[in-house]
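2 protein chains.
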Amino acid sequence: MSLNFKHKINGQDLIIAISQDIKTSQVLMVAYMNKEALEKTLETKKAHYWSTSRGKLWLKGESSGHVQIVHEVLVDCDEDAVVLKVEQKGGACHTGYYSCFYRRLDSDDLKTIGKKVFEPEKIYGES
Amino acid sequence: MSLNFKHKINGQDLIIAISQDIKTSQVLMVAYMNKEALEKTLETKKAHYWSTSRGKLWLKGESSGHVQIVHEVLVDCDEDAVVLKVEQKGGACHTGYYSCFYRRLDSDDLKTIGKKVFEPEKIYGES
Chain L
1 MSLNFKHKIN GQDLIIAISQ DIKTSQVLMV AYMNKEALEK TLETKKAHYW
51 STSRGKLWLK GESSGHVQIV HEVLVDCDED AVVLKVEQKG GACHTGYYSC
101 FYRRLDSDDL KTIGKKVFEP EKIYGES
Chain C
1 MSLNFKHKIN GQDLIIAISQ DIKTSQVLMV AYMNKEALEK TLETKKAHYW
51 STSRGKLWLK GESSGHVQIV HEVLVDCDED AVVLKVEQKG GACHTGYYSC
101 FYRRLDSDDL KTIGKKVFEP EKIYGES
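Line order of the protein sequences matches chains L and C. Just so you know, we're using UniProt numbering here: the first sequence kicks off at 1 and counts up by one. Just so you know, we're using UniProt numbering here: the second sequence kicks off at 1 and counts up by one.
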């Protein structure tokens, strides 16, 4: 499957990948995928992304165990973005929240509304 | 409100903006916002984006009337992406579908599963 990897960051050709909880439809996170990340995702049914900060392929949950089991992949009109409908193990966010979108913009403040499901220092170790 | 406009495309500093139907939680589209687009969105409660293809600020629905009334803005952990919970007038997609994510990847095919809600040629004129 060749999509339109038109987002170019540090020499990589990428699509945007949004993950969404398959049961509640909550948006969990957004990241980029290169061609290899998409292929690995389809092959293994576990979400893989391209980490633009680390410049490497990244199996979501590789250190935490909080993998995303991919049930469906939706493709947008331009074929440069996908929605992954996933079963999220543990939590999606490295801060311990179930979703990375755990805060709401209220006037000029960020109000935490999300659910914390794990303690990051227990999962990733003290830093 | 200053977020982390870290996605750099053609000299613009951008965040990723995902719009989601406030009632059904369906993901409607994904696009970028610069600082001005975010400010206009918060000010007018109508979704504004930065069009990377046209290089301009873009009020969603400016030609079609299919605006997005923004009820909530969620912010992610890195503050470089937002989810807009919106009431979508008409349809979000320029192809006439309610959501831009109207196709599912089935093996190597794209299967249309979305709902067409308008005829593009009637809205945008013949091209």
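For glycine and all other residues, C-beta sits at the position ideal for the given N, C-alpha and C.
For a test of the three-state rule: what should DSSP assign to residue i, helix, strand or coil?
i        : result
L:ALA17  : strand
C:LYS23  : coil
C:LEU74  : strand
L:TYR98  : coil
L:LYS85  : strand
C:LYS60  : coil
L:LYS122 : helix
Check the DSSP bridge columns for residue i and list the partner residues they point to.
i        : result
L:THR112 : L:ARG103
L:LEU42  : According to DSSP, which records beta bridges pairwise, L:LEU42 is partnered with nothing at all.
C:ALA31  : C:ALA17
L:SER51  : L:LYS56
C:LYS6   : Paired residue(s): none; C:LYS6 is not in a bridge.
Answer yes or no: the CB of residue i versus the heavy atoms of the ligand GDP, is any distance below 7 Å?
i       : result
C:GLU39 : With respect to the ligand GDP, the structure shown offers nothing to examine, as it has no ligands at all.
Report the neighbours of residue i on chain C: residues whose CB is nearer than 7 Å to its CB, in chain order.
i       : result
L:ILE18 : ILE18, VAL27 and VAL30
L:LEU74 : PHE101, ARG103 and ARG104
Along chain L, in chain order, which residues have C-beta atoms closer than 7 Å to that of residue i?
i       : result
C:VAL83 : VAL27 and PHE101
Under 9 Å between beta-carbons, which chain C residues line up against residue i? List them in chain order, please.
i       : result
L:HIS94 : CYS77
With a threshold of 8 Å, are at least 3 pairs of Cβ atoms found where one atom belongs to the segment 8-18 of chain C and the other to the segment 28-47 of chain C?
yes
The segment 86-101 of chain L / the segment 63-74 of chain L touching (three or more Cβ pairs under 8 Å):
yes
Taking contact to mean 3 or more Cβ pairs, one atom from each stretch, closer than 8 Å, check whether the segment 93-100 of chain C and the segment 118-126 of chain C are in contact.
yes
Three or more C-beta pairs below 8 Å linking the segment 38-46 of chain C and the segment 18-27 of chain L:
no
Hey, is the segment 96-105 of chain L in contact with the segment 77-84 of chain C, meaning 3+ C-beta pairs nearer than 8 Å?
yes
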